[in-house]
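Asks: Before we start, here is the structure in question, set down as structure tokens.
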DNA sequence: ATCCCGAGGG
DNA sequence: CCCTCTGGAT
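Right, dumping it as structure tokens:
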């Protein structure tokens with residue numbers, strides 16, 4: 001599907017982005033409960049914002065049991081800055097209740113179970129599995145991963161599931177989680193949707209899009 | 001103005 | 001496929 005060398009892509013992106021030491025740009029929660037809630041909250045907002053509101057949220061509601069009984073409007077107030085606060089408040093409380101009722105109070109560690117929780121899709125489930133359970137089951141394809149992959153020429157598909165199939169075929173499993181973070185970061189900072197900074201991209205020489213984007 | 005590591009529903 | 005939900009940062 002591609003003649004791009006995965007190791008070259010990896011090492012160049014690694015040299016550019018330090019995934020482990022960017023404190024405010026990535027969620028750094030350890031237990032499954034915190035990871036699940038923080039990841040649901042992170043939609044359409046920044047990780048800095050999520051880190052802020054979860055400090056208070058987790059102090060007041062330290063586990064699934066506590067959050068499952070939290071008053072909706074209190075949760076709404078606490079998470080308000082993250083946006084979509086009504087939907088998110090409803091989802092994280094309902095998800096906690098479902099974890100209590102159907103999973104004996106433990107956040108499930110299987111994709112099929114996680115996706116059943118309200119507010120949790122494949123993207124969120126992938127992150128929870130990777131961060132909280134060290135179970136990397138695939139590459140979560142969001143708009144950034146899709147755009148970067150298509151421009152590089154790693155895939156010609158547009159369907160996220162098929163893109164994922166192409167990516168997992170190219171990259172060794174031990175790099176899947178890293179690829180996810182690197183592509184998303186690159187997509188945000190350099191390979192943006194509107195005006196990609198190809199002149200500032202260290203992948204430009206092997207990128208299909210950059211070579212056709214030259215002016 | 002425009003964008004942000006989504007999910008659910010029509 | 002489309003739309004909606006939302007505030008904050010830049």
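In UniProt numbering, the protein residues as written are 1 to 215. Quick reminder that beta carbons are idealized off the backbone N, C-alpha and C, glycines included. All of these numbers come straight from a predicted model, not from anything done at the bench.
(1) Apply the 10 Å Cβ neighbour rule to residue 66 and answer buried if 16 or more other Cβ atoms are within range, or exposed otherwise.
(2) Under 7 Å, do residue 142 and residue 123 count as touching if we go by C-beta distance?
(3) Does DSSP put residue 60 in a helix, in a strand, or in coil?
(4) Excluding the 5 residues preceding and the 5 following residue 187 in the sequence, name in chain order all residues of the same chain whose CB lies nearer than 6 Å to its CB.
(5) As an exercise, report each continuous alpha helix (DSSP H) stretch of at least 4 residues that is fully enclosed by the UniProt domain "HhH-GPD" (41-189), in chain order.
(6) Between the alpha carbons of residue 95 and residue 40, how many angstroms are there, rounded?
(7) Quick check on residue 181: buried or exposed, where buried means 16 or more other Cβ atoms within 10 Å of its Cβ?
(8) Between which two residues does the alpha helix (DSSP H) carrying residue 6 extend?
(9) Do you know whose CA, among 152, 111, 15, lies nearest residue 135's CA?
(10) Given residue 185, which residues of its chain have a CB within under 7 Å of its CB, disregarding the five upstream and five downstream residues?
(11) Using the beta-carbon count (16 or more within 10 Å), is residue 199 buried or exposed?
(12) So what's residue 198 in DSSP terms, helix, strand or just coil?
(13) For the segment 125-133 against the segment 151-164, are there 3 or more C-beta pairs whose distance is under 8 Å?
(14) With distances taken between CB atoms, is the gap from residue 99 to residue 89 smaller than 7 Å?
Replies: From the atom records:
(1) exposed
(2) yes
(3) helix
(4) 144, 147, 148
(5) 47-60, 64-68, 72-79, 85-102, 111-114, 122-133, 143-152, 160-170, 176-189
(6) 10 Å
(7) buried
(8) 6-16
(9) 111
(10) 17
(11) exposed
(12) helix
(13) no
(14) no
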